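S.K.:
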Amino acid sequence: MDACLPGAQWWEPRRVAVAAGLRWELGPLILELFRTADSWWLWLQHREVAESAPSRCRLVELAQMPAEEGGERFVFRESPEQVRLRPLLADRSVVVRSRQPVFVPAGEEATLYLSTPVWLAVEVGEPPSLLLEVAGERLSDTWFGPSTREGELCYAGRTHARSQLATVPRRAQRAITPLTVINRAKNPLPLEKLNLPVPLLGLYGDSDGALWTEAVQLSREADQELAGFKVVVGAPAQAPEARRLSPPRREAGRSGLVRAFSDFLG
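Letter by letter, the sequence shown follows residues 20 to 285 in the working numbering.
As structure tokens, this is what we get:
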């Protein structure tokens with residue numbers, strides 16, 4: 020078996036015989052799982068991959084246990100035969116920095132397409148038992164807030180802030196968020212950095228192998244430090260047939276406001 024995008028729904032459950040295994044290659048991540056009579060063995064590797072490199076998505080059957088050291092072993096009375104890598108969104112907000120200056124003029128709105136790495140929940144059995152979670156890409160930490168006392172610890176990312184969906188690269192280990200920014204203020208809104216609260220979003224998978232989040236709307240009012248935040252519940256309009264793979268990690272606050280734009284920071 021060697022499944023490649025497009026059309027590779029690598030997150031589907033699979034059955035593995037004893038003395039057999041699977042290797043997933045998803046962008047920079049290589050994850051190998053091997054089943055014995057009473058155990059599942061797991062190996063992880065993050066490679067250095069150039070951003071311009073083509074996205075890799077492969078699923079390969081293993082007929083023998085990988086020779087590399089460093090595997091982790093999960094022991095059962097009898098190892099379950101079903102295994103699944105379930106994608107879910109990051110456990111913190113992702114602060115995405117634009118690679119070039121981007122502005123939304125006063126009174127305008129724009130839809131941008133941002134992609135962020137997914138996490139993988141390695142699950143075996145039915146009902147599923149979680150072995151561990153692993154990030155599809157390694158991200159650095161960053162602080163987002165007006166001071167060191169007020170704000171939140173986030174992950175840092177980069178974006179081209181593309182406004183045309185056709186130009187967005189499809190990567191197996193990343194999910195696309197349609198983000199509509201509404202600027203009701205009297206001045207242009209710079210989008211140097213955006214705080215995308217991905218733990219508040221559900222994750223969806225399309226039949227062509229693409230991953231999507233629920234759509235988000237951020238609105239800026241005049242002289243307001245916080246942005247209006249709205250999740251458009253359900254599969255995004257750009258992928259109406261996508262099905263939900265993971266729910267939000269946490270519920271949004273009642274206020275409907277978030278600190279989203281970098282120009283409010285001191």
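Ideal Cβ positions, reconstructed from N, Cα and C, are used throughout, including at glycine.
Computed from a prediction, not measured in an experiment: that's the story for all the values here.
1. One question on the structure: do valine 115 and glycine 40 come within less than 8 Å of each other, judged by their Cβ atoms?
2. Spatial neighbours of valine 113 within its chain, please: C-beta separation below 7 Å, excluding the five flanking residues on both sides.
3. Can you find the residues in the same chain that come closer than 6 Å, C-beta to C-beta, to alanine 258, ignoring five residues on each side of it along the sequence?
4. Going by beta carbon distance, what residues of the same chain come within less than 7 Å of alanine 241, once the five residues before and after it are set aside?
5. Is the separation between the beta-carbon of serine 74 and that of alanine 185 shorter than 8 Å?
6. In terms of residue numbering, what span does the beta strand (DSSP E) encompassing arginine 116 cover?
7. Tell me the DSSP bridge mates of aspartate 160?
8. Note down the Cα distance separating alanine 234 from leucine 81, rounded to an integer number of angstroms.
9. Could you please give the first and the last residue of the uninterrupted beta strand (DSSP E) stretch that includes arginine 66?
10. Given a threshold of 16 other Cβ atoms within 10 Å of its Cβ, counted over all protein chains shown, does glutamate 260 qualify as buried or as exposed?
11. What do you get for tryptophan 162, buried or exposed, if any count of 16 or more other CB atoms within 10 angstroms of its CB means buried?
12. Less than 8 Å between the C-beta atoms of serine 117 and serine 58, yes or no?
13. Beta-carbon within less than 8 Å of alanine 129's beta-carbon, same chain only, minus the 5 sequence neighbours each way: which residues are those?
14. Looking at the secondary structure, which residues open and close the beta strand (DSSP E) in which alanine 39 lies?
15. Flag this pair as yes or no: are the beta carbons of glutamate 61 and valine 141 separated by less than 8 Å?
16. Closer than 6 Å by C-beta to arginine 66: which residues in its own chain qualify, once you throw out the five before and the five after it? Chain order, please.
17. Please state the DSSP three-state secondary structure of valine 252.
18. Quick one: Cα of leucine 131 to Cα of alanine 271, how far?
19. Do you know offhand how far valine 102's Cα is from arginine 239's?
20. Just the C-alpha distance for leucine 63 and proline 209, rounded to the nearest angstrom, thanks.
21. Determine which residues share a DSSP beta bridge with asparagine 214 and list them.
22. For the candidate residues Gly126, Arg263, Leu158 and Pro120, whose alpha-carbon lies nearest to that of leucine 179?
23. Could you give the first and the last residue of the continuous beta strand (DSSP E) run that contains arginine 189?
24. Comparing alpha-carbon positions, which option in Pro266, Glu156 and Leu52 lies nearest glycine 89?
25. Do serine 265 and proline 165 have their C-beta atoms within less than 8 Å of each other?
26. Would the beta-carbon of glycine 155 fall within 8 Å of that of leucine 45?
27. Compare the Cα-Cα distances from arginine 262 to each of Gly228, Val250, Leu237 and Glu100 and report the closest residue.
28. Flag this pair as yes or no: are the beta carbons of aspartate 76 and alanine 109 separated by less than 8 Å?
M.R.: In this structure, then:
1. For the purposes of this step, residue 115 is taken as residue 96 along the sequence shown, with counting starting at 1. For the purposes of this step, residue 40 is taken as residue 21 along the sequence shown, with counting starting at 1. No, Cβ-Cβ distance for valine 115 and glycine 40 is not below 8 Å.
2. Here residue 113 corresponds to residue number 94 of the sequence shown, with the count starting at 1. Closer than 7 Å at Cβ, skipping near neighbours: Thr135, Cys173, Tyr174, Gly176, Leu215 and Val217.
3. By one-based count along the sequence shown, residue 258 stands at place 239. Asp225 and Trp231.
4. For the purposes of this step, residue 241 is taken as residue 222 along the sequence shown, with counting starting at 1. Result list for alanine 241: Arg203, Ala204 and Lys205, in chain order.
5. The count along the sequence shown starts at 1 and reaches residue 74 at position 55. The count along the sequence shown starts at 1 and reaches residue 185 at position 166. Not a contact, by the Cβ cut-off of 8 Å.
6. In the sequence shown, residue 116 corresponds to position 97, counting from 1. Segment 113-117, the beta strand (DSSP E) holding arginine 116.
7. Position 141 of the sequence shown, counting from 1, holds the residue named residue 160. Checking the DSSP bridge columns, you'll see aspartate 160 partnered with Tyr174.
8. Counted from its first residue, the sequence shown places residue 234 at position 215. Counted from its first residue, the sequence shown places residue 81 at position 62. A straight line joining the alpha-carbon of alanine 234 with that of leucine 81 spans about 38 Å.
9. Numbered from its first residue, the sequence shown carries residue 66 at position 47. Neither: arginine 66 is in no beta strand (DSSP E) and is coded neither H nor E.
10. By one-based count along the sequence shown, residue 260 stands at place 241. Burial call: exposed.
11. Taking the first residue of the sequence shown as 1, we reach residue 162 at position 143. Tryptophan 162 counts as exposed, since fewer than 16 other beta carbons sit within 10 angstroms of its beta carbon.
12. The sequence position of residue 117 within the sequence shown is 98, counting from 1. The sequence position of residue 58 within the sequence shown is 39, counting from 1. Cβ distance not < 8 Å, so serine 117 and serine 58 don't count as in contact.
13. Walking along the sequence shown from the start, residue 129 turns up at place 110. Taken in chain order, the residues that qualify are Val123, Ser182, Thr199 and Val200.
14. Stepping through the sequence shown from its first residue, residue 39 is reached at position 20. According to the DSSP assignment, alanine 39 belongs to the beta strand (DSSP E) that extends over 39-45.
15. For the purposes of this step, residue 61 is taken as residue 42 along the sequence shown, with counting starting at 1. For the purposes of this step, residue 141 is taken as residue 122 along the sequence shown, with counting starting at 1. As written in the sequence, residue 61 is leucine, which differs from the glutamate given in the question. Yes, the pair counts as a contact, with Cβ atoms nearer than the cut-off.
16. For the purposes of this step, residue 66 is taken as the residue at position 47 of the sequence shown. Same-chain partners within the cutoff: Pro47.
17. Mapped onto the sequence shown, residue 252 falls at position 233. Reduced to three states, the DSSP call for valine 252 is coil.
18. Within the sequence shown, numbered from 1, the residue matching residue 131 stands at position 112. Within the sequence shown, numbered from 1, the residue matching residue 271 stands at position 252. Whole-angstrom Cα-Cα distance: 22 Å.
19. Numbered from its first residue, the sequence shown carries residue 102 at position 83. Numbered from its first residue, the sequence shown carries residue 239 at position 220. Put simply, the backbone Cα of valine 102 is about 44 Å away from that of arginine 239.
20. Looking up residue 63 in the sequence shown gives position 44. Looking up residue 209 in the sequence shown gives position 190. Distance from the CA atom of leucine 63 to the CA atom of proline 209, rounded to whole angstroms, is 39 Å.
21. Within the sequence shown, the letter at position 195 stands for residue 214. Val114, per the DSSP bridge assignment.
22. Taking the sequence shown and counting its residues from 1, the one referred to as residue 179 is at position 160. Sequence check: residue 179 is histidine here, not leucine. Answer by Cα proximity: Pro120.
23. Taking the first residue of the sequence shown as position 1, residue 189 is located at position 170. Note, arginine 189: premise wrong, no beta strand (DSSP E); not H, not E.
24. The residue labelled residue 89 in the question sits at position 70 within the sequence shown. Here the closest residue by C-alpha is Leu52.
25. By 1-based counting over the sequence shown, the position of residue 265 is 246. By 1-based counting over the sequence shown, the position of residue 165 is 146. No, the pair does not count as a contact, with Cβ atoms beyond the cut-off.
26. In the sequence shown, the residue the question calls residue 155 occupies position 136. In the sequence shown, the residue the question calls residue 45 occupies position 26. Yes.
27. The residue labelled residue 262 in the question sits at position 243 within the sequence shown. For arginine 262, the nearest C-alpha among the options comes from Gly228.
28. As a first step, residue 76 must be located in the sequence shown, where it is residue number 57. As a first step, residue 109 must be located in the sequence shown, where it is residue number 90. Position check: residue 76 holds cysteine in this sequence, whereas aspartate was assumed. Against a cut-off of 8 Å, the Cβ pair of alanine 109 and cysteine 76 comes out as no contact.
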